[in-house]
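Peer 1: Got a structure here, written out as structure tokens. Questions coming.
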Amino acid sequence: MVTRAVYPGTFDPITNGHLDVIERAARIFDELIVAVATNPAKQPLFSLEERALMVREACAHLPNVSVETFNGLLVEFARSIGAKVIVKGLRAISDFDYEFQMASMNRKLAPDIETVFIMTSLEYAYLSSSLIKEVAMLGGCIEGLVPPPVLPRLREKLVERGCISHSGL
Ligand code: PNS
121 MVTRAVYPGT FDPITNGHLD VIERAARIFD ELIVAVATNP AKQPLFSLEE
171 RALMVREACA HLPNVSVETF NGLLVEFARS IGAKVIVKGL RAISDFDYEF
221 QMASMNRKLA PDIETVFIMT SLEYAYLSSS LIKEVAMLGG CIEGLVPPPV
271 LPRLREKLVE RGCISHSGL
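Structure representation (structure tokens):
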């Protein structure tokens, strides 16, 4: 039996912390679908398609990983693709409350789907997409913190938004 897992997130943009979780989950499960959520509540910097494209580029070396976008309930999406496992990354204690809430709600909605947590590697424990954007906007160096294809796209987006000048990042 093939074990298919789904790794959901906003990925605005994907970071090396996300990629670390993806690479490790891809070694555990037969198939991993990275599911990029619309998430209008967060007002993402990048469009859904741009976020999915960056995840695809970052995961190009992983043959059992594919990337999809979704709208609506995660458990409905997981069911629609036949995934029995939801993978989430866990960084610090601060993540626990929210993740516990979401895992419990998802189990209530779909008891047949299990949430599995992967502890983020220590070197990425402090990373988040929000922090990456803040540092980049303020002219800090984010090399080594995001997959290489993200750097030019983030620079381009911040220039387009007037947040940095062409020489920034
Ligand atoms: O990367 P994020 O922003 O932490 O990802 C959050 C995400 C997309 C996993 C979460 O918001 C989600 O599952 N959204 C889909 C809508 C849904 O199912 N909501 C109920 C969750 S209990």
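In our numbering, each residue carries its 1-based index in the sequence shown increased by 120.
For glycine and all other residues, C-beta sits at the position ideal for the given N, C-alpha and C.
Since this is a predicted model, take the numbers as computed values, not measurements.
(1) For a quick check, are the C-beta atoms of ARG199 and ILE153 less than 8 Å apart?
(2) Quick check: what's the CA-CA separation for CYS261 versus GLU169?
(3) Provide the residue(s) that pair with GLU188 in DSSP beta bridges, ordered along the chain.
(4) Is it the case that the region 134 to 154 contacts the region 222 to 241, given that we only count it when at least three CB pairs across the two stretches are under 8 Å?
(5) Can you tell me the Cβ-Cβ gap for ALA157 and PRO128, rounded? I've got them flagged as a contact below 8 Å.
(6) Is the distance from the Cβ of PRO133 to the Cβ of VAL270 below 8 Å?
(7) Between the region 206 to 216 and the region 176 to 192, are three or more C-beta pairs nearer than 8 Å?
(8) Between LEU139, TYR218 and ASP150, which has its C-alpha nearest ALA180's C-alpha?
(9) Would you report the Cα separation of THR130 and LEU173, rounded to the nearest angstrom?
(10) In or out: VAL187 buried (at least 16 other Cβ within 10 Å) or exposed?
(11) Identify, in the order they occur along the chain, each residue of the same chain with its Cβ nearer than 7 Å to the Cβ of MET121, setting aside the five sequence neighbours on each side.
(12) Taking DSSP as the reference, what is the three-state secondary structure of MET239?
Peer 2: The answer reads as follows:
(1) Numbered from 1 along the sequence shown, position 79 holds the residue referred to as residue 199. Numbered from 1 along the sequence shown, position 33 holds the residue referred to as residue 153. No, the pair does not count as a contact, with Cβ atoms beyond the cut-off.
(2) Stepping through the sequence shown from its first residue, residue 261 is reached at position 141. Stepping through the sequence shown from its first residue, residue 169 is reached at position 49. Those two C-alpha atoms are separated by around 25 Å.
(3) Mapped onto the sequence shown, residue 188 falls at position 68. Looking at the DSSP output, GLU188 shares a beta bridge with ALA155.
(4) They touch, by the three-pair rule.
(5) The count along the sequence shown starts at 1 and reaches residue 157 at position 37. The count along the sequence shown starts at 1 and reaches residue 128 at position 8. Confirmed, about 6 Å.
(6) Counting from one through the sequence shown, the residue named residue 133 turns up at place 13. Counting from one through the sequence shown, the residue named residue 270 turns up at place 150. For PRO133 and VAL270, yes; Cβs fall inside 8 Å.
(7) The count of Cβ pairs closer than 8 Å, one atom from the region 206 to 216 and one from the region 176 to 192, stays below three, leaving the stretches out of contact.
(8) For the purposes of this step, residue 180 is taken as residue 60 along the sequence shown, with counting starting at 1. Comparing Cα positions, the closest option is LEU139.
(9) Residue 130 sits at position 10 when you count from the first residue of the sequence shown. Residue 173 sits at position 53 when you count from the first residue of the sequence shown. Going by the C-alpha atoms only, they are around 13 Å apart.
(10) On the sequence shown, residue 187 is found 67 positions in, with the first residue counted as 1. The residue in question, VAL187, is buried, as its Cβ has 16 or more Cβ neighbours within 10 Å.
(11) To locate residue 121, count along the sequence shown from 1; it is residue 1. Same-chain partners within the cutoff: there are none.
(12) Counted from its first residue, the sequence shown places residue 239 at position 119. Secondary structure at MET239: strand, using DSSP grouped into helix, strand and coil.
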